[in-house]
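To start, the structure under review is shown below, and the notes come after it.
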Amino acid sequence: MRYCYHYPNMAKIKVLLVGYGYWGPNLARNLNDNSQIEFSGILEIDKDLHKKISEDYPGIPIFSDIDEINDGHDAAIVSTPATTHFSIGRSLLEKELHVLVEKPLATSVDECEKLIKIAKDKNLKLMVGHTYLYNSSVIKIKEIINSGEIGNLLTIHSERLNLGQIRQDINVMWNLAPHDFSIISYLVGSYPKSITASGNDFIKKGMHDIVYVHLGFENNVTGFIHNSWLHPLKSRKVIVVGSEGMIVFDDTKLDNQIVVYEKGVDWDKITKSQKGKNSRFEIIDGDYYSPKIEAQEPLSTEIQAFIDWIKLDKQPISDSMNGLEIVKILEKAQKDLEI
């Protein structure tokens, strides 16, 4: 059994990377750049990638099978296809390693609960890569909502659209919506009470490539998500609507990603008598501004949160229970899609 206090504050954490495909190189760069981490190896089953790994990180140990993993590691980050997260995560936990799994934590609630139990029984840290929860723009939006600047929170719309990248192992919702579900739940401050979903499977029967999800929260707050692999333009946008203001977050922009609008409806002022046929609420149409955001890479912040949890027992926002709750939403929405 491994204890978090085993690591002195100055000791480097030996971290293994599992998977060097699409997202792996970004993780590797951040692992290599973190002064509190000893980048202890890369596990990649595709031997065609081993040459590239050696070129990118000369001398780093390369493994092609999880059975080759020995005692020379404290933790691991998993960046493999979603359908492998459970089996790989379980194997790493059984090897007494702290584990950070890229989203989703697993592809079923049952798998998540099994991983959580293993981690708990072995006193290990299990974290999920909900990277947007470490995004400075998303954190700023949360601060604005909590400040009351936009009044009462009414609804949040989140869209993640593009032509591709089409996956073979999971549908568009399991691929993209973990970001949207984690963002909206974080901004609202709770998980949804009701979930409905619809979509289409134009490319491959049974594999949805367009999905719409409606989320119902307490206090009549709603969330709406649109994910698509069949869209002419890339869009990564979150729109927050409050009673006295609105916020637009455009993640495709390099600058001024957040715009806060003094727009809304004055629920108390009415232009004519409420009893009149033409009575209407007064529209608020004021100024807008882009708040200053301190630029930092969310992935770097996420990895540091993982290290802080291991060394300092400082629990991150995207712990295993957060991962479980997001998979619960995905699973409920999936059942709706299959009706």
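Per our numbering: the sequence shown = residues 31 to 369. Glycine included, every Cβ here is placed at the ideal spot set by N, Cα and C. Here the structure is a predicted model, which means the values were calculated and not measured.
In the three-state scheme derived from DSSP, where H, G and I count as helix and E and B as strand, Gly272 is classed as strand. Setting aside the 5 residues that flank it on each side, Val243 is surrounded in the same chain by Ala227, Ile255, Ala363, each with a C-beta closer than 6 Å to its C-beta; the list follows chain order. Under the three-pair Cβ rule at 8 Å, the stretch 84 to 91 does not count as touching the stretch 111 to 121. Distance from the CA atom of Val295 to the CA atom of Asn182, rounded to whole angstroms, is 11 Å.
Contact between the stretch 125 to 140 and the stretch 320 to 329 is absent: fewer than 3 CB-CB pairs across the two stretches fall below 8 Å. Using a 10 angstroms sphere on the CB of Ile83, the tally of other CB atoms reaches 16 or more, which defines it as buried. Beyond the five residues adjoining it in sequence on each side, Glu141 comes within less than 6 Å, by CB distance, of Phe116 in the same chain, given in chain order. Of the candidates Trp53, His209, Val241, Leu79, His209 places its Cα closest to the Cα of Val357. DSSP links Ser228 through a beta bridge to Tyr242. A distance below 8 Å separates the beta carbons of Lys155 and His128.
Ile213 and Met237 have their C-alpha atoms roughly 24 Å apart. Distance from Asn257 to Val202 at the Cβ level is roughly 5 Å; contact confirmed, criterion being Cβ atoms closer than 8 Å. When the beta-carbon positions are compared, Val289 and Val278 come within less than 8 Å of each other.
A residue is called buried once 16 or more other Cβ atoms fall within 10 Å of its Cβ, and Tyr162 is buried on that count. DSSP lists Arg190 as the beta-bridge partner residues of Arg266. Using a Cβ distance threshold of 8 Å, Met40 and Ile180 do not count as a contacting pair. Take the alpha-carbon of Leu367 and the one of Asn100: they are about 42 Å apart.
If you check the CB distance, Leu79 and Tyr50 come in under 8 Å. Judged by DSSP in its simplified three-state form, Asp210 adopts helix. If you draw a straight line from the Cα of Ile67 to the Cα of Asp199, it is about 32 Å long. Less than 8 Å divides the Cβ of Ile43 from the Cβ of Ile340. Rounded to the nearest whole angstrom, the C-alpha separation of Ser348 and Ala335 is 9 Å. Rounded to whole angstroms, Leu73 and Asn249 show a C-alpha spacing of 46 Å.
According to the DSSP assignment, Leu130 belongs to the beta strand (DSSP E) that extends over 128 to 132. In this chain, Ser320 is not harboured by any beta strand (DSSP E), its DSSP state being neither H nor E.
Looking at the backbone, the Cα of Arg190 and that of Leu123 are separated by about 32 Å. Here Lys170 is buried, its C-beta having at least 16 other C-beta atoms within 10 Å.
In this structure, the CA atom of Leu184 is about 29 Å from the CA atom of Glu332.
Residue environment analysis places Pro262 among the exposed positions, since fewer than 16 neighbouring C-beta atoms fall within 10 angstroms of its C-beta. Scanning its chain for C-beta atoms nearer than 6 Å, with the 5 sequence neighbours on each side dropped, one finds around Asp104 the residues Ile43, Lys44, in chain order. Fully contained in the stretch 95 to 153 are the following beta strand (DSSP E) runs of length 3 or more, in chain order: 105 to 108, 128 to 132. Note that the C-beta distance between Gly253 and Ile240 is not below 8 Å.
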